[in-house]
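Each protein sequence line maps, in turn, to chains B and Z. Quick note on the numbering used here: the first sequence kicks off at 1 and runs consecutively. Quick note on the numbering used here: the second sequence kicks off at 1001 and runs consecutively. Don't be surprised by glycine CBs; every beta carbon is placed ideally from N, CA and C. Since this is a predicted model, take the numbers as computed values, not measurements. Input: a single structure, listed below in structure tokens.
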Amino acid sequence: MRKLSYWGENLRLALILLAAWFAISFGCGVLLADFLNQFTLGGFKLGFWFAQQGSLYGFLALIFVYVALMNRIDRKHGVRED
Amino acid sequence: MGLKTLTYIVVGLSFALYIGIAFWSKARTTGDFYVAGKHVHPVANGMATAADWMSAASFISMAGLIAFLGYDSSVYLMGWTGGYVLLALLLAPYLRRFGKFTVPDFIGERYYSDAARVVAVICLIVISFTYVAGQMRGVGIVFSRFLSVDISVGLAVGMGVVFLYAVLGGMKGITYTQVAQYCVLIFAYTVPAAFISLQVTGIALPQAAFGSEVLDGGGRLLETLDRIVTDLGFTAFTSGSKSTADIFFITLALMIGTAGLPHVLVRFFTVPRVRDARASAGYALLFIAILYTTAPAVGALARLNLTTTIQTGPVFEETANLRYEDRPGWFRTWEETGLLRFQDLNGDGRIQYYNDANPEFAARAEAEGWRGNELTVDRDIIVLANPEIAQLPNWVIALVAAGGIAAALSTAAGLLLVISAAVSHDLIKSVLARNISERAELRAGRISAAVAVLLAGYLGFNPPGFVAEVVALAFGLAAASLFPAILLGILSLRVNKQGAIAGMLSGLVFTMGYIVYFKGLFVAPFAANVPGNWLFGISPEGIGALGAGLNLAVTLAVSALTPAPPAPVRELVRRIRVPSGSGN
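Right under this line is the structure:
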């Protein structure tokens, strides 16, 4: 596989995380909510929980993963600011 | 000490704190005034962004929306938080690397065009004023209820405080005031929520409490709530009545709109480095999520408390409906504000609170001698009345008043500042009078901030009747105009000024046209605002998502047919994609 540029690695990471962003909120919280509601988690119907709680925790995790991995990519390509 | 005295003390102390901060952080340069000198620590910026973002609507109205809409309210919970992922991954780091002062700055330079800059300024001003009008209403509600002063006196005090720290301190002043305001508002929101969760479920953490069992042995809270509200003909709390397509598009429009709101975007210009901009978006969402994950619990608990206060036993058992003369104290105080209204339609002296819009249930109720729903509850009172409903101590109620005011003022200040920066920097300095000195520009900034405060105050005294309608417009416009232009400006080297201007204008006209068509604005609506008339089943609240798509398509198509942007612009785009150095 061709070695990706800094921008290429950045975009690839962003696209992967955006796919997760979509799956957590629009997937589990909206499109699949009715299906997931037959399961429960800690007293919540699962689809309802994703829409009102889970997607928010997911968003947070995604941003902090992006921050950590981008810091690594910055260093690898020698473009980290001092 | 009486509640009113206590409220005066708590609110007074919080005002003294904000004004103290304003003097300590006076802006000396245009850099201080527009972007706080780019010295804000990412955690502080996260808090300031959270206070900036969480308005009177988040603090006062959202839990009430959740209480009455149930699952359908998820559009706000996901929509107003998911946009931060877009901000962190797609916009914030690059705008920080670009390094100027305002959002129209970026659009103007990336699209090498004053016309594009002016279109961006117009969008920004429409979006921001729409928003400010809503904040002023929130300040009015809090003042009139808790301090029993005339709304106009309360507003004048509020405007005076904002005037002091926004005009004097600029971005630097409002940033550190917002940090203080965040602390006040989050404390005021979570403390009553924890108390109430503890009372009802024995668990103090609201996020866990609203999934757990209620203490009086009635089973799981959400199951109990679903049963109680469906028994009265309402939709179950955990399911919704909006179509899946509509939920999808409203959520998407709010997310994209959030990421395109100028007062949020500009916060990422204030941190020292690109990696701080990314982290700062994370901290902002963390601080926002503390409130946003608590709100559904507050909404569910309030709905349960309210419903069981009125309907004390099995439906249609005569003694199970609360007698009007036995109504609790909070009921009386809120009746005085007109936000809670009772009308004894069947003359039995008891309160019947049910869904008379549900034909099947209404027919059964009719047979039992009920003559229609007798209680009207304004959803805005849920958060404000909650501590009283749960009989919490007076200092908690005083704190909630201070929190509501903090939420409204912090957002108002942020909005007023982007408006003033757009006028003094993007219109005066960049288009009308390019060679004014920095001192003159700073003075112009202060004057336009002062004018904006006065104008916002006017909107607070004379709230335009269409405030509720135009909130959809603010998000729709942000989604359909600014977001796509910024995004494509970063992701594509090929999009040019013709594409961007055509794209922004078509997104703007389409979205505004659709909303006006169904909701009216200065003109009567052209068609009934019902699902049967909507395009693809998308309500006006969700149309911004489609507008954004249209903007993207038009920008790409027009750019492909017109010449590529000049080399220095392509160089600019390559530069902002990389945190330091000249790029690779």
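Check	Outcome
Under the three-state DSSP convention, the category GLN1311 of chain Z falls into	strand
Chain Z contact for VAL30 of chain B (CB, 7 Å cutoff)	yes
Same chain, Cβ closer than 8 Å to ASN37 of chain B, five either side skipped, listed in chain order	LYS45, LEU46, GLY47 and PHE48
DSSP state of ASN1321 of chain Z mapped onto helix, strand, coil	strand
Within 7 Å, strictly: CB atoms of VAL1139 of chain Z and ALA1408 of chain Z	yes
Range covered by the beta strand (DSSP E) that runs through ARG1220 of chain Z	Unbroken run through ARG1220 of chain Z: none, as it is neither H nor E.
Near-chain B residues of the segment 1228-1251 of chain Z - C-beta to any C-beta below 7 Å	THR1238, THR1244, ILE1247, PHE1248 and THR1251
For GLY27 of chain B and LYS1100 of chain Z, the rounded distance between their alpha carbons	37 Å
6 Å Cβ shell around VAL1142 of chain Z - same chain, five flanking residues per side excluded	ALA1401, GLY1404 and ILE1405
Assumed close pair ILE1174 of chain Z, ALA1474 of chain Z - CB separation to whole angstroms, cut-off 8 Å	With 8 Å as the limit, ILE1174 of chain Z and ALA1474 of chain Z do not qualify as a contact, their Cβ atoms being about 20 Å apart.
Check: ALA14 of chain B C-beta below 6 Å from any heavy atom of the ligand SAH	For the ligand SAH, the structure offers nothing, since it holds no ligand at all.
Beta-carbon separation (whole angstroms), GLY1484 of chain Z vs PHE1518 of chain Z, contact threshold 8 Å	The displayed chain sequence assigns Pro, not Gly, to residue 1484 of chain Z. Incorrect: roughly 23 Å between the Cβ atoms, too far for contact.
Distance CB(PRO1206 of chain Z)-CB(SER1212 of chain Z) smaller than 7 Å	no
Anticipated Cβ contact below 8 Å, LYS1038 of chain Z with THR1270 of chain Z, distance rounded	6 Å
Contact check, VAL30 of chain B vs PHE1248 of chain Z, beta carbons under 7 Å	yes
Chain B within 7 Å of LEU1225 of chain Z, Cβ atoms only	no
Inter-stretch contact at 8 Å, needing at least 3 Cβ pairs: the segment 1446-1462 of chain Z / the segment 1492-1512 of chain Z	no
Integer Cβ distance of ILE1538 of chain Z from ASP1246 of chain Z, believed to fall under 8 Å	6 Å
Residue of Z:LEU1089, Z:VAL1126, Z:GLY1082 and Z:MET1159 minimising C-alpha distance to ILE1019 of chain Z	Z:MET1159
Coil, strand or helix - PHE1101 of chain Z by DSSP	coil
Distance, ARG1275 of chain Z Cα to ASN1584 of chain Z Cα	Any reading at ASN1584 of chain Z must be qualified, since the residue scores a pLDDT of 39, below 50, and its modelled position is unreliable; the value itself is stated next. When rounded, the distance between both Cα atoms is 18 Å.
For ALA1320 of chain Z and THR1312 of chain Z, the rounded distance between their alpha carbons	5 Å
Chain Z residues whose Cβ lies nearer than 7 Å to that of PHE59 of chain B	THR1081, GLY1082, TYR1084, VAL1085 and LEU1285
Where LEU62 of chain B meets chain Z, residues with beta-carbon distance less than 7 Å	VAL1085
According to DSSP, residues forming a beta bridge with THR40 of chain B	B:LYS45
Proximity test, Cβ basis, 7 Å: PRO1296 of chain Z and chain B	yes
Short CB-CB distance (under 7 Å) between VAL65 of chain B and chain Z	no
Beta-carbon contacts of PHE39 of chain B that lie in its chain and below 6 Å, excluding the five residues immediately before and after	LEU46
Residue-chain proximity (MET1078 of chain Z, chain B), Cβ-Cβ < 7 Å	yes
Close beta carbons around ASP1226 of chain Z, own chain, < 7 Å, minus the five adjacent residues each side	ALA1236, PHE1237 and THR1238
Residue(s) in a DSSP beta bridge with VAL1271 of chain Z	According to DSSP, VAL1271 of chain Z bridges with nothing at all.
Nearest neighbour of ALA1166 of chain Z, chosen from Z:CYS1123, Z:ILE1186 and Z:VAL1035 [CA to CA]	Z:VAL1035
Contact the segment 1099-1113 of chain Z vs the segment 1330-1339 of chain Z: 3+ CB pairs below 8 Å	no
THR1201 of chain Z (DSSP reduced to helix, strand or coil)	helix
Any C-beta of chain B under 7 Å from that of ASN1584 of chain Z	Low confidence applies here, because ASN1584 of chain Z scores a pLDDT of 39, under 50, leaving its location unreliable and the question unanswered by this model.
Helix, strand or coil at GLU1109 of chain Z according to DSSP, with G and I counted as helix	helix
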